[in-house]
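First the structure, in the form of structure tokens, and then the observations on it.
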Amino acid sequence: MSHSKVRTRIAPSPTGPLHIGTARSALFNFVYARKCGGAFILRIEDTDVERSEARYEDEVKAALEWLGLTWDEFYRQSERTDLYEQRLRKLEGDGAIYWCPHTMEELGAERAHQSEAKAPPIHQCEFRDSGKPVKGAGVLRFKNNREGEIVFRDAIRGEIRTRSDSIGDFSVAKDFRTPLYNFAVVIDDADMKISHVIRGEDHISNTPKQLLLQSALEFEPPAYAHLPLVLGPDRSKLSKRHGPTSLLEYREQGYLPEALINFMALLGWHPPGDTDVFALDDLIRDFGLERVGKAGAIFDIEKLNWLNREYIRRRAPEKLAQDLTFFASQWADAIDADSERWERVVALVRERLTTLASISDAARWAWEIPDYDPELLRWKGEEERADVYRHLTAVREKLSALDDWNSSSIEAALRPYAEAEGRGAVLWPLRVALSGEKNSPGPFELAYVLGKRETLERIDHAIIHSS
Ligand code: GLU
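See below:
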């Protein structure tokens, strides 16, 4: 390794919310830095003033913090204009860049011409060697004099070769105080002593340009690793069709950060063990670029849902109850008044939650007298109404005589009757009476959590319904 200390970075442009591909790059950079005892840097690439917005910078930071990917140093490109200008002036002095005054329209026409003649879309600028400064619109272009190929070793893909004449002279700045992406990145990566650039495959074509600039500025290039693209299950570019693309949307929908970390790690990286479930610390221990594949990483929301259920199950009960309060805000007052009951409700439904937001449906029975079709009380839709009435009345009688109220005493009070009369015929209508739903926790647990008074009230309601 050429640099003594590992320093990685994530360099989002604040032109939209942090999406899953960039968050995955952030994760790999963070983990790699932590693993090597190095530093992880957040650099906001806001040189595109028209498209950059402060609120997106805030969102990016909020999303990274939520994931636990905390940065050691922070930079904003818009505050580094002097440095870029100084380097551009140096290149100008060296004759390595020139003003190209052509308008977008002219360049477009040239390109169309080239495409017709099946020639590479390379701008041939008559000003490159004139040595004369040109005033007016246009850009500063890098004079690419390299012959043959530009070669670099990618930690994931091996050697990558690009013909220099397929790149031509490329733009580096709109003017001395407005650098463009490839130039600002090169200056910053060198100035911030970035040792490893780990980023998406979509940047492979930028790398040779960055290498040319590094060479002109006598910078030592960092190591490069280009991560496979994140694709939808149909192998198309990831889009809203496949699931939320913005990280904060996942937070709003009630995904746990642990689940997302785990999920994103599997987007390209292959864990060495036989489990797909691991925490950030395990990842830091086991991560290595040699286990990152080249093939497109498939984004499968079902996998994320599975992991989220897994982490919901693993969450400490009090912590989970606390997290869920936010998502059950419609019952906030009731929860505040009886947090113990809330914890019992949560314990009962946690196995059923895919996201934290699904608590709204899964725990509705705990707060609302359910409004259901009385037909639902009939076991398999076949039980006679008279029998439903008879069983509910018998169950009510046994429960009202019960003093000691917990799931096992409730079960003990009802079991013999249910065994004698048919388990489904007795317990199904009771469960529906208490939850109003086809799918819910079992009747003994429901009765326990609801408490005696409410249980009897709901049975009464069902008796009236079924008669
Ligand atoms: N601002 C670039 C992006 O958001 C950074 C690319 C890089 O990592 O060099 O894609």
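For the sequence shown, the positions run 30 to 496 when the working numbering is used.
C-beta: ideal position from N, C-alpha, C; glycine also.
Element boundaries [beta strand (DSSP E), containing residue i]
i: Ser200; result: Phe199 to Asp204
i: Arg170; result: Val168 to Phe171
i: Phe181; result: Glu178 to Asp183
i: Ile189; result: Gly187 to Arg192
i: Val35; result: It is not in any beta strand (DSSP E) - Val35 carries neither H nor E in the DSSP assignment.
i: Leu463; result: No beta strand (DSSP E) holds Leu463; the alpha helix (DSSP H) holding it covers Arg452 to Ser464.
i: Ala363; result: No beta strand (DSSP E) contains Ala363, which is instead part of the alpha helix (DSSP H) from Ala361 to Ala366.
Paired residues, beta bridge with residue i - DSSP
i: His48; result: Ser275
i: Trp298; result: Val321
i: Tyr61; result: Bridge partners of Tyr61: none, in fact.
i: Ala252; result: His225
i: Leu260; result: Lys266 and Ile327
i: Pro237; result: The partner list for Pro237 (beta bridge, DSSP) is empty, contrary to what the question assumes.
i: Thr207; result: Asp204
Where residue i sits in the DSSP three-state scheme
i: Phe307; result: coil
i: Thr384; result: coil
i: Pro150; result: coil
i: Val78; result: coil
i: Pro403; result: helix
i: Lys266; result: strand
i: Arg72; result: strand
i: Gly410; result: helix
i: Arg228; result: strand
i: Pro43; result: coil
i: Pro286; result: helix
i: Pro470; result: coil
i: Asp158; result: coil
i: Phe316; result: coil
i: Asn174; result: coil
i: Trp335; result: helix
i: Gly67; result: coil
i: Ala392; result: coil
i: Glu247; result: coil
i: Trp434; result: coil
i: Glu397; result: coil
i: Ile439; result: helix
i: Ile216; result: helix
i: Ile196; result: coil
i: Met30; result: Bear in mind that a pLDDT of 44 at Met30, under 50, signals an unreliable position, so the number given afterwards is only what the model happens to contain. Coil.
Cα-Cα separation between residue i and residue j, rounded to whole angstroms
i: Tyr85; j: Thr44; result: 6 Å
i: Glu249; j: Ala219; result: 8 Å
i: His32; j: Ile179; result: Bear in mind that the predicted position of His32 carries a pLDDT of just 47, short of 50, making it unreliable; the figure below should be weighed with that in mind. Taking the straight line from one Cα to the other gives about 22 Å.
i: Val201; j: Gly137; result: 18 Å
i: Leu276; j: Gly302; result: 27 Å
i: Asp305; j: Gly317; result: 16 Å
i: Met30; j: Arg182; result: Confidence is the limiting factor: at Met30 the pLDDT is only 44, short of 50, which leaves the residue's position unreliable, though a coordinate-based value still follows. Each residue's alpha carbon lies about 13 Å from the other.
i: Ile233; j: His255; result: 7 Å
i: Glu102; j: Leu312; result: 22 Å
i: Gly177; j: Ser268; result: 38 Å
i: Ala132; j: Gly97; result: The amino acid at residue 132 is misidentified as Ala; the sequence shows Thr. Thr132 and Gly97: Cα-Cα distance of roughly 45 Å.
i: Asp367; j: Ala55; result: 41 Å
i: Glu114; j: Lys222; result: 19 Å
i: Ala441; j: Arg270; result: 50 Å
i: Asp111; j: Arg206; result: 7 Å
i: Asn174; j: Asp217; result: 23 Å
i: Gly66; j: Ala83; result: 31 Å
i: Glu230; j: Pro257; result: 6 Å
i: Ala476; j: Ser496; result: 22 Å
i: Leu169; j: Val321; result: 37 Å
i: Ile227; j: Leu240; result: 15 Å
i: Trp298; j: Lys481; result: 52 Å
i: Gly167; j: Pro208; result: 13 Å
i: Lys332; j: Gly122; result: 55 Å
i: Ala68; j: Thr484; result: 58 Å
Residue i: first and last residue of the uninterrupted alpha helix (DSSP H) it sits in
i: Lys348; result: Pro346 to Phe356
i: Ala491; result: Lys481 to Ser495
Proximity test, residue i beta-carbon vs the ligand PLP heavy atom, cut-off 7 Å
i: Arg379; result: No copy of the ligand PLP occurs in the structure displayed; its ligands are the ligand GLU alone.
Tell me the start and end of each unbroken beta strand (DSSP E) in the stretch 86-147 that is at least 3 residues and wholly inside, in chain order. Runs of the beta strand (DSSP E) inside the stretch 86-147: 102-105 and 126-129.
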